[in-house]
Amino acid sequence: MKKNRSDLVSYFDKKARQRIPDGISVLVPHAGYITEEQMINRKERIIDPLDGTTKFVHEIPDYCVSIRLTHQ
């Protein structure tokens, strides 16, 4: 059975959320991270693993991974 588009988005979003922090930790050790839904006050990377979900679902190549580093 073929997965629907929302299942694919959930799959890619989940995989990105799992892999991105590990990769960035090499560049910015000891920094925590949060996703769109979390709020913590310290040096952090803020990650949106699939920015442009609707475009991704419709195969419009105008989506990205958004990452921001904040300090205090």
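Numbering-wise (this note's numbering), the sequence shown opens with residue 1 and increments by one.
Beta carbons are placed, not taken as given, at the ideal position from N, Cα and C, and that holds for glycine.
Being a predicted model, the structure only gives us computed values, none of them experimental.
Exercise for the section: Specify, as a first and last residue, the run of the beta strand (DSSP E) that V65 falls within. Expected result: 64-70 is the extent of the beta strand (DSSP E) around V65.
Problem - Three-way DSSP call (helix, strand, coil) for G23 in this model - result: Here G23 carries a helix assignment [DSSP, helix/strand/coil].
Problem - Closest Cα partner of H71 within the set G23, C64, V28 - result: Here the closest residue by C-alpha is V28.
Exercise for the section: Quick one: grab the DSSP three-state call for V28. Expected result: Correct three-state label for V28: coil.
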